[in-house]
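Notes follow once the structure below has been shown.
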Amino acid sequence: MTHLTDTQSYEDEPQLGDYYALLKPRVMQLVVFTALVGMLAAPVAVNPVIGFASILFLAIGAGASGALNMWWDADIDAVMKRTRNRPIPAGKVSPQTALYFGAALSGLSVMMLSLSANLLAGAMLAFTIFFYVVPYSMWLKRSTPQNIVIGGAAGAFPPVIGWIIATGDIVVLEPWLMFALIFMWTPPHFWALALFMRNDYDDAAVPMLTVTHGRKSTRNHILGYTVLLVILAVGTAFTAIGGWIYLATALVLNALFLKGAYDIQQRNETMSEADNFAVERKFFRLSLWYLFAHFGAILLEATLKPIGLGGW
Numbered sequence: 001m002t003h004l005t006d007t008q009s010y011e012d013e014p015q016l017g018d019y020y021a022l023l024k025p026r027v028m029q030l031v032v033f034t035a036l037v038g039m040l041a042a043p044v045a046v047n048p049v050i051g052f053a054s055i056l057f058l059a060i061g062a063g064a065s066g067a068l069n070m071w072w073d074a075d076i077d078a079v080m081k082r083t084r085n086r087p088i089p090a091g092k093v094s095p096q097t098a099l100y101f102g103a104a105l106s107g108l109s110v111m112m113l114s115l116s117a118n119l120l121a122g123a124m125l126a127f128t129i130f131f132y133v134v135p136y137s138m139w140l141k142r143s144t145p146q147n148i149v150i151g152g153a154a155g156a157f158p159p160v161i162g163w164i165i166a167t168g169d170i171v172v173l174e175p176w177l178m179f180a181l182i183f184m185w186t187p188p189h190f191w192a193l194a195l196f197m198r199n200d201y202d203d204a205a206v207p208m209l210t211v212t213h214g215r216k217s218t219r220n221h222i223l224g225y226t227v228l229l230v231i232l233a234v235g236t237a238f239t240a241i242g243g244w245i246y247l248a249t250a251l252v253l254n255a256l257f258l259k260g261a262y263d264i265q266q267r268n269e270t271m272s273e274a275d276n277f278a279v280e281r282k283f284f285r286l287s288l289w290y291l292f293a294h295f296g297a298i299l300l301e302a303t304l305k306p307i308g309l310g311g312w
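Once you know that position 25 of the sequence shown is 25 in full-length UniProt numbering, the rest is easy, because the numbers rise by one and skip nothing.
The following block contains the structure:
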């Protein structure tokens, strides 16, 4: 990592909004939502106050890992168009401030989640922060085109933590099905982004699949992972967290997602850049709705089952 402080000046007093931006609020929203679904889908009711506090501390932990990621990736963030306006490359927050901020929030979130929920939930949050910052950010991201495949596990842990908040149990199938949904969704989602933002990764020398293996290979990988994801997503309907509402949602969304992946796979470099960009961007946007809708269906099933309307 380059030391941006050698060449760039920073504001003495970052604004509140700059600290908020360090938390990666868009990512935090997904973390909070999937963790909440994991908690509410569990077969054990959680006291609302404890549940709210636990999700809050988990959100703080997610934000902490985002700040630490921005600290480590400040050099490549300054190069990429998508990230150059983040607080550190924009000169609003120094790397050292981001490091201290992220480290302090990490410790606080793990300690408070352990107290509000249970030690296992706190330990899993600590592991998730560590995995995102060290194996993914510091090693995988800059060393292998499989970075997002392996590193995607970090983003898949929140529903597992939510389940642990409610039950204190980890040796059951259901939370790991939710983990698998996010884990298998992550590569197609980010590879679609990499297809229409490829120049960013080229400029930053990040070995995304688009850079190391080219667009055609990336398109083939998107289709392959999507097929596996479709099987997993539809199959989840027939488990304890599924039901007819989830099945209907999954059938529609996965048909659209599979068609989108096939459309991407059919594109090639002889077609206009504008046509390829439009298809890839459309698939990327669909991928955002895809995950929210699946977890929304799981939440709806969990809400309606007690009154006999959800499940089978």
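Idealized CB from N, CA, C, for every residue including glycine.
Residue i at chain B interface by Cβ criterion, 9 Å
i	result
L251	Protein chains in the displayed structure number just one, and chain B is not present.
DSSP state of residue i mapped onto helix, strand, coil
i	result
Q96	helix
I264	helix
D15	Reading off the sequence shown, one finds Gln at residue 15, where the question assumed Asp. Q15 falls in the coil class under three-state DSSP.
D203	helix
F157	coil
Q146	coil
W244	helix
V230	helix
T2	In this predicted model, T2 has a pLDDT of only 44, less than 50, meaning its place in the structure is not dependable enough to derive any value.
W312	coil
I170	coil
P48	helix
H213	coil
G122	helix
A78	coil
T83	coil
Residue burial classification, residue i (beta-carbon count within 10 angstroms, cutoff 16)
i	result
I231	exposed
T5	Here the model assigns T5 a pLDDT of 46, short of 50, so the residue's position is not dependable and the matter cannot be decided.
W191	buried
V160	buried
K141	buried
L291	buried
G91	exposed
W139	exposed
W289	exposed
Y20	exposed
D203	exposed
Y201	buried
G122	buried
P235	The amino acid at residue 235 is misidentified as Pro; the sequence shows Gly. G235 comes out exposed.
R285	exposed
W244	exposed
A205	exposed
residue 313	Since the displayed the chain opens at 1 and closes at 312, residue 313 lies outside it and no answer follows.
F52	exposed
T239	exposed
L125	buried
Y136	buried
Span separating the alpha-carbon of residue i from that of residue j
i	j	result
L120	G102	22 Å
G224	R267	15 Å
V227	I50	39 Å
T218	A261	11 Å
H3	L309	Legend: pLDDT at H3 = 44, less than 50; position of this residue unreliable, value from coordinates given subsequently. Between H3 and L309, the C-alpha separation is close to 57 Å.
Q29	V93	22 Å
P25	A98	15 Å
T303	A237	15 Å
L22	W312	43 Å
I148	P306	38 Å
P48	A166	11 Å
V46	A297	20 Å
I76	P43	44 Å
E13	V110	27 Å
G38	A153	16 Å
S287	L115	35 Å
F157	L173	14 Å
M193	I88	In the sequence on display, residue 193 carries Leu and not Met. Answer to the nearest angstrom: the Cα atoms are 22 Å apart.
Can we say the region 121 to 134 touches the region 197 to 215, given the rule of at least three CB pairs closer than 8 Å? Between the region 121 to 134 and the region 197 to 215, the count of C-beta pairs closer than 8 Å stays below three; the two stretches do not touch.
The region 32 to 52 / the region 67 to 75 touching (three or more Cβ pairs under 8 Å): When C-beta atoms of the region 32 to 52 are compared with those of the region 67 to 75, fewer than three pairs fall below 8 Å, so the two segments do not count as touching.
Taking 8 Å as the cut-off, does the region 250 to 258 touch the region 204 to 220 (at least 3 CB pairs, one atom from each stretch)? Too few Cβ pairs lie closer than 8 Å, so no.
Cβ contact check for the region 53 to 63 and the region 180 to 195: 3 or more pairs under 8 Å: Counting C-beta pairs with one atom in each stretch, the region 53 to 63 and the region 180 to 195 have fewer than three that are closer than 8 Å, which means they do not touch.
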